[in-house]
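Novice: Got a structure for you, written out below as structure tokens; questions coming shortly.
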Amino acid sequence: MLVKLLHFSAGLIAFVAADGCRKSMFSDHSNHEVVISPLPHTYTEEHHLPASFDWRHHNGVNYVTKVLNQHAPKYCGSCWLHAGVGVINDRLKVARNAQFPEVNVARQVVLNCGRDIAGSCHGGEDFGVYKFAYLEGLPDDQCQFYRGEDGECSAINNCINCDPPAGTGPCYPVQRYGRYFVTEFAKIPNPTAHKIKAEVYRRGPISCAVDSSVVENGKYHPGDIVRETRNGNWSLDHDIVIVGWGQDEDGKEYYIVKNSWGTFWGDQGYFLVQSGVNAMGIEQDCSWAVVDPEPRVADYGPPDWMRMFPSAFKPVEHIAVAAEAEHIAVADAAEHIAVADAAEHIALADAVVVS
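Note that the sequence shown covers residues -18 to -1, 1 to 337 in mature numbering (1 follows the signal peptide of the UniProt record, and there is no 0).
Set out below in structure tokens:
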């Protein structure tokens, strides 16, 4: 990825290129959807929606979690992950009424254990994040930090802790901790501005697919409103989060969009897209999820006594090395036992002769 920081009169512009990080993981999404509650657009008429709405400033409260960067500490094509996790984080904050502490779920766990359902650093789908969180749940990010790489699925790669001394102490999987679960998730059927806004207004931010070519490589400047339509000929290669909407000075409405390219990109990580015209393809493929605000605490990891065997929690690629080391240790121990037995036998024989 090419990243350059250049100073312009308009402000700091980040040249970021997407890499087609979005790809479909399901042939038929309807077979995987879980819908229990009525869809907001069925009970919210368009004229009842406010002219502007922003979850970052709703009744003086910010219900939106921080902007993330999918490309640090390593480049990873995980826009799909950050859009899905972004919606889960934001909806958790909405459901918890912005109470302390703010919860951010562990992104890395999906890369470690959700490859077949959601995707990898080579592409995936926001919808798959919701399905993974529905089936498995996600711990908070204090259990697993984001590494920006595909990992192995194991207990220690779900929730980890380490003992002293610093830098050399053993690490082990946590036995008992909480996971946050999605309870409903689906695509918005045939998305329109009305359906999108109703969902955002009633239940919280949503994720949508867009064509990132319109805003990558320095094409977007803070304050711009993306209006390009291309007659609907879009290549949806990037997933983002819609957190609200507003109006420009001419009364044209736009979506407020959270990206996953860091706060140094766009307007502190955000950009604006005209609504109602399918600019960037933003009104073609949108998904939502309902989240249980209370974590389900259980013994997801192995029991504490297994901490006596730290080699069992090493990454898969190190198991062979650990096994070889243990074999050598066992062989050495056997040799020492044999020597000790021989010495004891000699001592016993000497004792018999003396007697």
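Don't be surprised by glycine CBs; every beta carbon is placed ideally from N, CA and C.
On a predicted model such as this, the values are computed, not experimentally measured, just so you know.
1) As an exercise, report each continuous alpha helix (DSSP H) stretch of at least 4 residues that is fully enclosed by the stretch 60 to 138, in chain order.
2) Between the stretch 236 to 251 and the stretch 145 to 165, do three or more beta carbon pairs fall short of 8 Å?
3) I'd like to confirm the pairing. Which residues does DSSP put opposite Pro155 in its beta bridges?
4) For Glu185, I'd like the list of residues in its chain whose CB is within less than 8 Å of its CB, leaving aside the five on either flank, ordered along the chain.
5) Which whole-angstrom value is the C-beta distance of Asp230 and Tyr236, which I expect to be below 8 Å?
6) Which same chain residues end up closer than 6 Å to Gly59 when comparing Cβ atoms and leaving out the 5 residues on each side of it in sequence?
7) Just the C-alpha distance for Arg209 and Asp145, rounded to the nearest angstrom, thanks.
8) Compare the Cα-Cα distances from Asn215 to each of Phe82, Pro277, Glu265, Gly133 and report the closest residue.
9) Got a sec, what are the start and stop residues for the beta strand (DSSP E) Tyr25 sits in?
10) Ignore the nearest five residues each way along the sequence and tell me which others in Asn86's own chain have a CB closer than 7 Å to its CB.
11) Assuming Val164 and Met262 form a contact by the criterion Cβ under 8 Å, report the distance between their Cβ atoms to the nearest whole angstrom.
12) What do you get for Ile310, buried or exposed, if any count of 16 or more other CB atoms within 10 angstroms of its CB means buried?
13) Could you tell me how far apart the beta carbons of Trp37 and Gly283 are, in whole angstroms, since I believe they sit closer than 8 Å?
14) Would you mind stating whether His220 and Ala180 have Cβ atoms separated by less than 8 Å?
15) Could you pull out every residue in the same chain whose Cβ sits closer than 8 Å to the Cβ of Ser337, ignoring the five residues on either side in sequence?
16) Do Leu93 and Leu63 come within 8 Å of each other at the CB atom, strictly closer than that value?
17) Beta strand (DSSP E) containing His220: first to last residue?
18) What does a CB cutoff of less than 7 Å around Ile301 pick up in its chain, not counting 5 residues either side in sequence?
19) Starting from Phe163, follow its DSSP beta bridges and name the residues at the other end.
20) Between Pro155 and Ala137, which are expected to be in contact by the criterion C-beta below 8 Å, what is the C-beta distance as a whole number of angstroms?
21) Kindly indicate which three-state DSSP category Ser195 falls into: helix, strand or coil?
22) Taking all protein chains shown into account, do 16 or more other C-beta atoms lie within 10 angstroms of the C-beta of Pro285, making it buried, or fewer, making it exposed?
23) Could you please give the first and the last residue of the uninterrupted alpha helix (DSSP H) stretch that includes Ala180?
24) Out of Gly248, His176, Cys125, Gln256, point me to the one whose CA is closest to Glu27's CA.
25) How is Ala168 classed by DSSP in three states: helix, strand or coil?
26) For Trp243, which of helix, strand or coil comes out of DSSP?
27) Using 10 angstroms around the beta-carbon of Asp281, count the other beta-carbons present and answer buried if the total reaches 16, otherwise exposed.
28) Tell me which residues share the same chain as Glu15 and place their Cβ nearer than 6 Å to its Cβ, disregarding the 5 neighbours each side in the sequence.
29) I'd like the list of long-range same chain contacts for Gly96, defined as Cβ closer than 6 Å, with 5 residues on each side in sequence excluded.
30) For Lys5, which residues of its own chain have a beta-carbon under 6 Å away from its beta-carbon, when the five flanking residues on both sides are left out?
31) Tell me whether Asn51 sits in a helix, a strand or coil according to DSSP, three-state version.
32) Sort Gly110, Tyr183, Gly130 by Cα distance to Met7 and report the nearest one.
33) Helix, strand or coil, according to DSSP, for Arg278 in the structure here?
Specialist: With the given structure in hand:
1) Assignment of alpha helix (DSSP H) within the stretch 60 to 138, counting only whole runs of 4 or more residues, yields 61 to 77, 89 to 95, 108 to 117 in chain order.
2) Verdict: no, contact absent.
3) According to DSSP, which records beta bridges pairwise, Pro155 is partnered with Ile142.
4) A quick correction: the sequence has Arg, not Glu, at residue 185. Cβ contact annotation for Arg185 (same chain, cutoff 8 Å, sequence separation greater than five): Pro22, Arg73, Val76, Trp270, Val272, in chain order.
5) Beta-carbon to beta-carbon, Asp230 and Tyr236 are separated by about 7 Å, close enough to satisfy the 8 Å threshold.
6) When the five nearest sequence neighbours on each side are left out, the beta carbons in the same chain lying within less than 6 Å of the beta carbon of Gly59 are those of Asp1, Cys3, Cys103, His104, Gly105, in order along the chain.
7) C-alpha separation (whole angstroms): 53 Å.
8) Looking at the Cα atoms, Glu265 is the closest of the given residues.
9) For Tyr25, there is no enclosing beta strand (DSSP E), as DSSP marks it with neither H nor E.
10) Thr47, Asn71, Asp122, Asp123.
11) At roughly 26 Å, the Cβ-Cβ gap does not stay under 8 Å, so Val164 and Met262 are not in contact.
12) Low confidence applies to Ile310: its pLDDT is 44, below 50, so where it sits in the model is not reliable enough to give any reading.
13) Actually they are not in contact, since the Cβ atoms of Trp37 and Gly283 sit about 34 Å apart, beyond 8 Å.
14) With respect to Ala180, His220 sits apart: the two C-beta atoms are not nearer than 8 Å.
15) Confidence in Ser337 is poor, its pLDDT being 39 and thus under 50, which makes the residue's placement too unreliable to answer from.
16) Yes.
17) Looking at the DSSP string, the run of the beta strand (DSSP E) that includes His220 is 220 to 229.
18) Note that Ile301 has pLDDT 39, beneath the 50 cutoff, so the model's placement of it is unreliable and the number below is only indicative. Excluding sequence positions up to five before and after Ile301, its CB lies less than 7 Å from no other CB in the same chain.
19) Its beta-bridge partners do not exist; DSSP assigns none.
20) That pair is a contact at about 4 Å.
21) The answer is helix: DSSP assigns Ser195 an H, G or I state.
22) The residue is exposed, with fewer than 16 neighbouring Cβ atoms inside 10 Å.
23) 175 to 185 is the extent of the alpha helix (DSSP H) around Ala180.
24) When C-alpha distances from Glu27 are compared across Gly248, His176, Cys125, Gln256, the shortest belongs to His176.
25) Reduced to three states, the DSSP call for Ala168 is strand.
26) In the displayed model, Trp243 falls within a strand according to three-state DSSP.
27) Flag for Asp281 reads exposed.
28) Sequence-distant Cβ neighbours of Glu15 in its own chain, meaning closer than 6 Å and more than five residues away, are Ala168.
29) Beyond the five residues adjoining it in sequence on each side, Gly96 comes within less than 6 Å, by CB distance, of Phe114 in the same chain, given in chain order.
30) Result list for Lys5: Gly105, in chain order.
31) Here Asn51 sits in strand by DSSP.
32) Residue Gly110 is the option with its Cα nearest to Met7.
33) In the structure shown, Arg278 sits in a strand (DSSP, three-state: E or B).
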